[in-house]
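Beneath this line is the structure, given in structure tokens, with notes to follow.
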Amino acid sequence: MHFNLTEEQRALAETVQRFLAQQYGFEARRTILRSAEGWSRETWGKLAELGLLALQIPPEHGGMAPAAIETMVTLDAMGRALLVEPYLSSAILGSALVGALGSPAQREALLPAMAEGRRVVVPAAGEAGARYDLSRVATTARRGGAGWVLAGRKAVVLHAPAADLLLVSARTAGAVDDAAGISLFAVPARSPGVRLVPYPLIDGQRAADVILADVALGADALLGAEGSALPALEAAWDLGVAALCAEAVGVLQATLDATTEYTRTRKQFGVPIARFQVLQHRMADMLMHLEQARSMSYLAAMVATADDLKDRRRKLSAAKVVVGQACRFVGQQAVQLHGGMGVTEELPVSHCFKRLLAIEASLGDTEHHLERFIMEGR
Amino acid sequence: MDLNFTPGEQAFREEVRAFLERHLTPPMRRAVLEGLHVPPEETVAWQRLLHAHGWGGPNWPTEFGGTGWDPVRQYLFEEACAAAGAPRLLPFGLKMVGPVIMRFGSDAQQRRFLPRILSGEDWWCQGYSEPEAGSDLASLRTRADRRGDHYLVNGQKAWITLAQHADWIFCLVRTDQASKPQAGISFLLIDMKSPGVTVRPIIMLDGGHEVNEVWFEDVAVPAENLVGEENKGWTQAKFLLGHERANIAGIGSSKRELERLKRIAAAELKHGRPLAEDPFFAARLAQVEIDLMALEITNLRVLSAEAERRTPGPEASLLKIKGTEIQQALTELMMQAVGPYALPFRVEALDGAFAGEPVGPAHAAPLAATYCNMRKASIYGGSNEIQKNIIAQLILGL
Numbered sequence: 463m464h465f466n467l468t469e470e471q472r473a474l475a476e477t478v479q480r481f482l483a484q485q486y487g488f489e490a491r492r493t494i495l496r497s498a499e500g501w502s503r504e505t506w507g508k509l510a511e512l513g514l515l516a517l518q519i520p521p522e523h524g525g526m527a528p529a530a531i532e533t534m535v536t537l538d539a540m541g542r543a544l545l546v547e548p549y550l551s552s553a554i555l556g557s558a559l560v561g562a563l564g565s566p567a568q569r570e571a572l573l574p575a576m577a578e579g580r581r582v583v584v585p586a587a588g589e590a591g592a593r594y595d596l597s598r599v600a601t602t603a604r605r606g607g608a609g610w611v612l613a614g615r616k617a618v619v620l621h622a623p624a625a626d627l628l629l630v631s632a633r634t635a636g637a638v639d640d641a642a643g644i645s646l647f648a649v650p651a652r653s654p655g656v657r658l659v660p661y662p663l664i665d666g667q668r669a670a671d672v673i674l675a676d677v678a679l680g681a682d683a684l685l686g687a688e689g690s691a692l693p694a695l696e697a698a699w700d701l702g703v704a705a706l707c708a709e710a711v712g713v714l715q716a717t718l719d720a721t722t723e724y725t726r727t728r729k730q731f732g733v734p735i736a737r738f739q740v741l742q743h744r745m746a747d748m749l750m751h752l753e754q755a756r757s758m759s760y761l762a763a764m765v766a767t768a769d770d771l772k773d774r775r776r777k778l779s780a781a782k783v784v785v786g787q788a789c790r791f792v793g794q795q796a797v798q799l800h801g802g803m804g805v806t807e808e809l810p811v812s813h814c815f816k817r818l819l820a821i822e823a824s825l826g827d828t829e830h831h832l833e834r835f836i837m838e839g840r
Numbered sequence: 002m003d004l005n006f007t008p009g010e011q012a013f014r015e016e017v018r019a020f021l022e023r024h025l026t027p028p029m030r031r032a033v034l035e036g037l038h039v040p041p042e043e044t045v046a047w048q049r050l051l052h053a054h055g056w057g058g059p060n061w062p063t064e065f066g067g068t069g070w071d072p073v074r075q076y077l078f079e080e081a082c083a084a085a086g087a088p089r090l091l092p093f094g095l096k097m098v099g100p101v102i103m104r105f106g107s108d109a110q111q112r113r114f115l116p117r118i119l120s121g122e123d124w125w126c127q128g129y130s131e132p133e134a135g136s137d138l139a140s141l142r143t144r145a146d147r148r149g150d151h152y153l154v155n156g157q158k159a160w161i162t163l164a165q166h167a168d169w170i171f172c173l174v175r176t177d178q179a180s181k182p183q184a185g186i187s188f189l190l191i192d193m194k195s196p197g198v199t200v201r202p203i204i205m206l207d208g209g210h211e212v213n214e215v216w217f218e219d220v221a222v223p224a225e226n227l228v229g230e231e232n233k234g235w236t237q238a239k240f241l242l243g244h245e246r247a248n249i250a251g252i253g254s255s256k257r258e259l260e261r262l263k264r265i266a267a268a269e270l271k272h273g274r275p276l277a278e279d280p281f282f283a284a285r286l287a288q289v290e291i292d293l294m295a296l297e298i299t300n301l302r303v304l305s306a307e308a309e310r311r312t313p314g315p316e317a318s319l320l321k322i323k324g325t326e327i328q329q330a331l332t333e334l335m336m337q338a339v340g341p342y343a344l345p346f347r348v349e350a351l352d353g354a355f356a357g358e359p360v361g362p363a364h365a366a367p368l369a370a371t372y373c374n375m376r377k378a379s380i381y382g383g384s385n386e387i388q389k390n391i392i393a394q395l396i397l398g399l
């Protein structure tokens, strides 16, 4: 039992931190957010150069998976910098799904290109009314033409506007909430019949609702066996939960740092407000949330791909609960302790706040994971 | 990074479990597992049994007769003992005065006192707090005036846990009235049988006699019982607090209590169904379980840092706060779980030998008392508010 990083892991963490500190400061990030696309292809290319887009890709396709701790330290650094590029959606979830379900030909066609930053591949799994339930799928795929015809609407697809390829979950059999009968399809984002309703999310990251109006696909669009995509989707989401927990720790640390720094410099009644015990205790509470979240992000990283499903789900859900509650508490208190400045968009704190808000509500919110923790324990 | 214990650590844990299986009989476990009062003689007997096995000082170095275990093994030992329902070892000798004597005591003091702590012959208690010196410990007023080869001690100590059984008390006393509060304090060992020592019980809200007032009236204490230098006691006090907080998270006992809570929730009914299946109750139980999972890892992080650095740091404050919050939440949920049968309060039913007519389920009898008793946890050992001050100052640098 130890919590030390290897030399290589430490070096990786420092490299990512240094790169983001130099090139991804608060103003640089704001410029990216205001751009038409809302993300930086230049940054994406540099992440590829650093090898960071290859962390979930197996070595035979040019990657370095499995890389649980490397992923954790990378996401932690990205969290501190509030990175808005499609890392979670493409480099984590997209890579995991292609790796798990793709045929050798599909993997070879996609994974090296993803590792090199040439293709962005994001899952489109959510639907209106499904909340966080991956098995509630109303979008249909029926055999037609040379292959498949997809119809339906996918909701809040993270980074869909950036994607070259969408991995769409669609029902090939069964009732709307059956676990069986769900298939995954690779849908080029610019296919005829695919329409995006794009929008920014509250934290500035881009997303879209994806409307599929009888989209005709070839037979090779299907990833994995027909009707059995759910376990791979759930496994990818578990990996994503671990990544989100690590990212959250980075954001939480940045948020707490900004708050202690602000209260040390802001004076009222003739003294820095950090001298007031009521604020000191609040920040002590924030630190406890952060450290508990950090502990659970370690646990999440260690079990993210474990074989024991029940145990893995319970631990990841527990992690997401602790992290989600930390996001809520630390975010809210950081804004509160910044006073009026906290509710402007001028300081990093409100940007941290909004990312924490989004993390809490992504890949299952606190309540969803509390429930999953309970159900998996029975 | 690896959250698994090493093969050596796992083998150690198995060794401890096997020992407990062999030596800790069901009657010895029962009081702890069922939340009943543990008689003092059971605590002493357990210390003696461990000592006979060479395990009397789980947190002591080998040069003083301890096991020499690293912090991880100390933790594994405590966790296994807690899970099995072993009586809690008295911290006053093992974790408080023992380390102080090792670090600051003379050779003679070490030879005289340390073996008797290990063997269970001496029961120690801690004379720190006073009616006017709680969180503000340095304002203590009990005085010790040098009279030739002895000190004359006068004053009053408060909240002295289990002083009614104690052979010795270690005290912070004021030996210099003139200097600043921290500067005039000394660390003195006092025989409880000395003339002029009076112990008065304080009955707590659960009806239990756990703490006492200890009065000193012209008590003559040999000067050789001074530990370290005169007026340097504050250094020892701080050193002791650091060790007292080691393993303060109480992970092992909270895991045991969580299992008890689960058993109770499975046995109790709500709307004719097991309470454990009630969504409201299940959510609250899950929350405590999850918080405990997180604290277990936080605790391991602190332990492994401690193993490298050798001294407990301010992170112990975090463990104390979260650990006691979890302990209190568990007692609250247990009491809630049994509904109206939480309210009958019969102190005699908390005795393992109680043979009267039970009222309600047997598991309900101690729950209200335990809930009341555990309110102390966020107050003792430096209140949780003081711990937050420590976090703010020493970790956050505010």
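As they're listed, the protein sequences go chains A and C.
Heads up: the first sequence is residues 463 to 840, going by my numbering.
Heads up: the second sequence is residues 2 to 399, going by my numbering.
Where is the CB? At the ideal position from N, CA and C, for every residue including glycine.
Owing to the predicted nature of the structure, the values given are computational and were not obtained by experimental measurement.
Exposure of residue i, with buried meaning 16 or more beta-carbon neighbours within 10 Å
i, result
"C:Thr7", "exposed"
"A:Phe731", "exposed"
"C:Asn5", "exposed"
"A:Val811", "buried"
"A:Leu714", "buried"
"C:Glu218", "exposed"
"A:Pro585", "buried"
"C:Pro132", "exposed"
"C:Glu358", "exposed"
"C:Ile204", "exposed"
"A:Asp769", "exposed"
"A:Gln484", "exposed"
Nonlocal neighbours in the same chain, by C-beta distance under 6 Å from residue i, ignoring five residues either side
i, result
"A:Ala577", "Leu515, Ala516, Ile519, Gly524 and Gly525"
"C:Ile256", "Note on identity: in this sequence residue 256 of chain C is Lys, with Ile being the wrong assignment. Cβ neighbours of C:Lys256 beyond the five flanking positions: none."
"C:Phe114", "Ile102"
"A:Val711", "Asp538, Ala755, Arg756 and Ser759"
Nearest to residue i (by Cα), restricted to the options the options
i, options, result
"A:Ala648", "A:Pro654, A:Ala637 and A:Ala683", "A:Ala683"
"C:Lys323", "A:Ile664, A:Gln754 and A:Gly686", "A:Gln754"
"C:Gly69", "C:Thr371, C:Trp56 and C:Ala370", "C:Trp56"
"C:Ile265", "C:Glu349, C:Gly353 and C:Pro362", "C:Pro362"
"A:Leu741", "C:Leu397, C:Leu37, C:Val98 and C:His151", "C:Leu397"
"A:Thr717", "A:Ala781, A:Cys789, A:Pro734 and A:Leu620", "A:Cys789"
"A:Ser497", "A:Val546, A:Leu482 and A:Gly507", "A:Val546"
"C:Gly149", "C:Asp207, C:Ala224, C:Gly94 and C:Ala139", "C:Ala224"
"C:Leu1", "C:Lys271, C:Glu231 and C:Ile291", "The question about residue 1 of chain C has no answer, for chain C in this structure spans 2 to 399."
"C:Tyr372", "C:Gly234, C:Thr299 and C:Ala330", "C:Ala330"
"A:Glu696", "A:Leu685, A:Leu544, A:Arg492 and A:Ala641", "A:Ala641"
"C:Pro40", "C:Ile252, C:Glu80 and C:Gln165", "C:Gln165"
Residues of its chain near residue i, where Cβ-Cβ distance is below 7 Å and the 5 sequence neighbours each way are ignored
i, result
"A:Gly643", "Arg633, Thr634, Ala635, Gly636 and Gly689"
"C:Phe240", "Val101 and Arg104"
"C:Phe93", "Trp125, Cys126 and Gln127"
Neighbouring residues, chain A, relative to residue i (Cβ below 8 Å)
i, result
"C:Val33", "Going along chain A, no residue has its Cβ under 8 Å from C:Val33, so there is no contact; the nearest lies around 25 Å."
Chain C contact residues for residue i, given Cβ-Cβ distances below 7 Å
i, result
"A:Glu807", "Within 7 Å Cβ-Cβ: nothing; A:Glu807 doesn't reach chain C, min ~26 Å."
"A:Thr722", "Leu397 and Leu399"
Beta-carbon neighbours of residue i, restricted to chain C and to distances below 8 Å
i, result
"A:Leu537", "Going along chain C, no residue has its Cβ under 8 Å from A:Leu537, so there is no contact; the nearest lies around 14 Å."
"A:Ala475", "Ordered by position in chain C, no residue passes the 8 Å Cβ test against A:Ala475, which lies about 12 Å from the chain."
Where residue i meets chain C, residues with beta-carbon distance less than 9 Å
i, result
"A:Met526", "The premise fails here: A:Met526 is roughly 17 Å from chain C at the closest Cβ pair, so nothing lies under 9 Å."
"A:Ser757", "Met294, Ala295, Leu296, Glu297, Ile298, Thr299, Asn300, Leu301 and Arg302"
"A:Arg728", "Neighbours of A:Arg728 on chain C: none; closest Cβ ~12 Å, over 9 Å."
"A:Tyr760", "Met2, Leu4, Ile298 and Arg302"
"A:His743", "Glu386, Lys389, Asn390, Ile392 and Ala393"
"A:Leu749", "Leu319, Ile392, Ala393, Ile396 and Leu397"
Where residue i meets chain A, residues with beta-carbon distance less than 7 Å
i, result
"C:Phe217", "In chain order: nothing, as chain A lies at least about 34 Å away."
"C:Thr63", "The premise fails here: C:Thr63 is roughly 22 Å from chain A at the closest Cβ pair, so nothing lies under 7 Å."
"C:Met294", "Ala780"
"C:Asn5", "Met463"
Residues near residue i by beta carbon distance below 8 Å, same chain, minus five either side
i, result
"A:Asp827", "Tyr594 and Gly786"
Original post:
Can you give, in chain order, each stretch of the alpha helix (DSSP H) that sits fully within the segment 511-578 of chain A and has at least 4 residues?
Top reply: 530-543, 557-563 and 566-577
If you scan the segment 22-108 of chain C from start to end, which runs of the alpha helix (DSSP H) of 4 or more residues do you find wholly inside it?
27-34, 41-53, 72-85 and 99-105
**Request:** Just list the beta strand (DSSP E) runs in the segment 298-333 of chain C, keeping only unbroken ones of 3 residues or longer that don't cross its boundaries, in chain order.
**Result:** none
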